[in-house]
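**Student:** One structure, as C-alpha cells, below. Some questions next.
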Amino acid sequence: MRFRQTLRRWHIWLGWLVGIPMLFWTLSGVIMVWKPIEEVRGSELLRDPAPVKLAFRPIPTAIEGLALERLSLEPRAAGPRWVIESRGAPTRLADPLTGRLLSPLGAAEAGREVTSRYTGAASVAAITRTGAGAPPLDLRRPVAAWQVRMSDGTHFYVDAGSGEVIARRTSWWRLYDCMWGLHIMDLEGREDTHNPWIVGFGLVALVTTLLALLLLPLSIRRRRDRKA
2 MRFRQTLRRW
12 HIWLGWLVGI
22 PMLFWTLSGV
32 IMVWKPIEEV
42 RGSELLRDPA
52 PVKLAFRPIP
62 TAIEGLALER
72 LSLEPRAAGP
82 RWVIESRGAP
92 TRLADPLTGR
102 LLSPLGAAEA
112 GREVTSRYTG
122 AASVAAITRT
132 GAGAPPLDLR
142 RPVAAWQVRM
152 SDGTHFYVDA
162 GSGEVIARRT
172 SWWRLYDCMW
182 GLHIMDLEGR
192 EDTHNPWIVG
202 FGLVALVTTL
212 LALLLLPLSI
222 RRRRDRKA
C-alpha cells in the first residue's frame, strides 16, 4: 500500500511538472501538421526561371585574375547572368554579352527578381536590406540579402550578390517556425534540438509514463482484491 501511494504521489507531482511542456508539444505538433508542407513553404508562389539560351561567348572576361571558386550561368529577371564566386570577395554578377562585372544588386532589381516569377495576387509592400552579420530570424543564413515583403505578409529574400531568390517565407511559415521553436524548446535560434530543456523535460515525461504503466496493474489488482 505504501509503495503504491509513493508511486502515485510521484506520478502526480511529475505530471504537474511535465503537463505544460506536454501541452506545448501537442499544440505545436497539431499546428505544424495542420497545412500541407508545400503550402507552408509557398512552393507555388514562384515559377521556375526560364531556361538559358546560349547566344554569346561562353567565358566572361571579368574572371581574369580572380581566385575563382565557382562560375555558373543562371537566369535572372533581366536575362542570363554569370554568377562569379571568388575567394575572399563577395559574389558578383557579370553580363554575358560584354563579360563585364555588373553593379551590386539594388532594391529595384531585387524586387524585379521576385515579381518576374511571382504567381500570387499580392503586391510588393516594402524592400529592405538585411546584413550577413545579423540576418532576420526567418532567414537565419549569414548572407547579405534584400527582403521583399509582400502585402499578404509573405517575405522573399534575394541574395544581394547573386540575385538568387534564396528563401520564401509565408505568414504560415513563420507561425510554423514559431511552433517548431516551441516544440524543441528553442525559441531564440530554433535549431538546437539537443538543448537541456527538451532533454530534461523529455526524461521527466518518460519517468512519468513509466510510473503510470507501473501503477495501472497495481490499481487493477487492488480493485480485484476489494471485490474479492
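Heads up, the sequence shown is in my numbering, so the first residue is 2 and it goes up one at a time. Even glycine gets a Cβ: it sits at the ideal position worked out from N, Cα and C.
Where does residue 172 sit, in a helix, a strand or coil, going by DSSP?
**Tutor:** Helix at residue 172.
**Student:** Starting from residue 42, trace the beta strand (DSSP E) in both directions and tell me its first and last residue.
**Tutor:** Unbroken run through residue 42 is the alpha helix (DSSP H), 38-42; no beta strand (DSSP E).
**Student:** Given a cut-off of 9 angstroms on the beta-carbon distance, is the pair residue 50 and residue 118 in contact?
**Tutor:** Taking 9 angstroms as the Cβ cut-off, residue 50 and residue 118 qualify as a contacting pair.
**Student:** Have a look at 35, 8, 97 and 26 and flag the residue whose alpha-carbon is nearest the alpha-carbon of residue 185.
**Tutor:** Ranking 35, 8, 97 and 26 by Cα distance to residue 185 puts 26 first.
**Student:** With 16 as the cutoff for other CB atoms within 10 Å, does residue 81 come out buried or exposed?
**Tutor:** Per the 10 Å Cβ criterion, buried.
**Student:** Can you give me the C-alpha to C-alpha distance between residue 182 and residue 100, rounded to a whole angstrom?
**Tutor:** Their backbone Cα atoms lie some 46 angstroms apart in a straight line.
**Student:** Report back the beta-carbon spacing between residue 15 and residue 205 to the nearest angstrom; my notes put them in contact at under 8 angstroms.
**Tutor:** With a Cβ gap of about 6 angstroms, residue 15 and residue 205 count as contacting.
**Student:** Cβ of residue 36 less than 9 angstroms from any chain C Cβ?
**Tutor:** In the displayed structure, chain C is absent; only one protein chain is listed.
**Student:** At which residue ranges does the stretch 64-152 contain complete beta strand (DSSP E) runs of 3 or more residues, listed in the order of the chain?
**Tutor:** Counting whole runs of 3 or more residues, the stretch 64-152 contains the beta strand (DSSP E) stretches 69-77, 80-87, 93-95, 125-131 and 146-151.
**Student:** Is the beta carbon of residue 126 less than 9 angstroms from the beta carbon of residue 150?
**Tutor:** The answer is yes: Cβ separation under 9 angstroms.
**Student:** For the stretch 69-88 against the stretch 108-118, are there 3 or more C-beta pairs whose distance is under 8 angstroms?
**Tutor:** Output reads yes: the stretch 108-118 touches the stretch 69-88.
**Student:** Under DSSP, the beta strand (DSSP E) around residue 156 begins and ends at which residues?
**Tutor:** Taken as a continuous stretch (DSSP letters only), the beta strand (DSSP E) holding residue 156 covers 156-160.
**Student:** Between the Cα of residue 128 and those of 148, 195, 207 and 92, spot the shortest distance and give me the residue it belongs to.
**Tutor:** Residue 148 is the option with its Cα nearest to residue 128.
**Student:** By the three-class DSSP mapping on this structure, what secondary structure does residue 1 have?
**Tutor:** The requested residue 1 is not part of the displayed model; the chain covers only 2 to 229.
**Student:** If contacts are defined as beta-carbon pairs under 8 angstroms, then residue 87 and residue 68 qualify, I think. What distance do you get, rounded to the angstrom?
**Tutor:** Contact flag correct, Cβ pair sits at about 5 angstroms.
**Student:** Among the residues of its own chain, which have a CB less than 8 angstroms from the CB of residue 139, if the five just before and after it don't count?
**Tutor:** Hits under 8 angstroms: 156, 168, 170, 174, 175 and 178.
**Student:** In angstroms, rounded to a whole number, what distance separates the CA positions of residue 135 and residue 34?
**Tutor:** C-alpha separation (whole angstroms): 30 angstroms.
**Student:** Measure the CB-CB distance between residue 84 and residue 164 and report whether it falls below 9 angstroms.
**Tutor:** Their beta carbons are under 9 angstroms apart, which means residue 84 touches residue 164 by this criterion.
**Student:** Could you work out which residue in 73, 106, 65 and 187 is closest to residue 29 when comparing CA atoms only?
**Tutor:** Ranking the options by Cα distance to residue 29, first place goes to 187.
**Student:** Could you check which residue in 22, 9 and 3 has the C-alpha nearest to that of residue 180?
**Tutor:** The shortest C-alpha separation from residue 180 is found at 22.
**Student:** Alpha carbons only, please: which of 104, 40 and 38 is nearest the one belonging to residue 162?
**Tutor:** That would be 104, whose Cα lies nearest to the Cα of residue 162.
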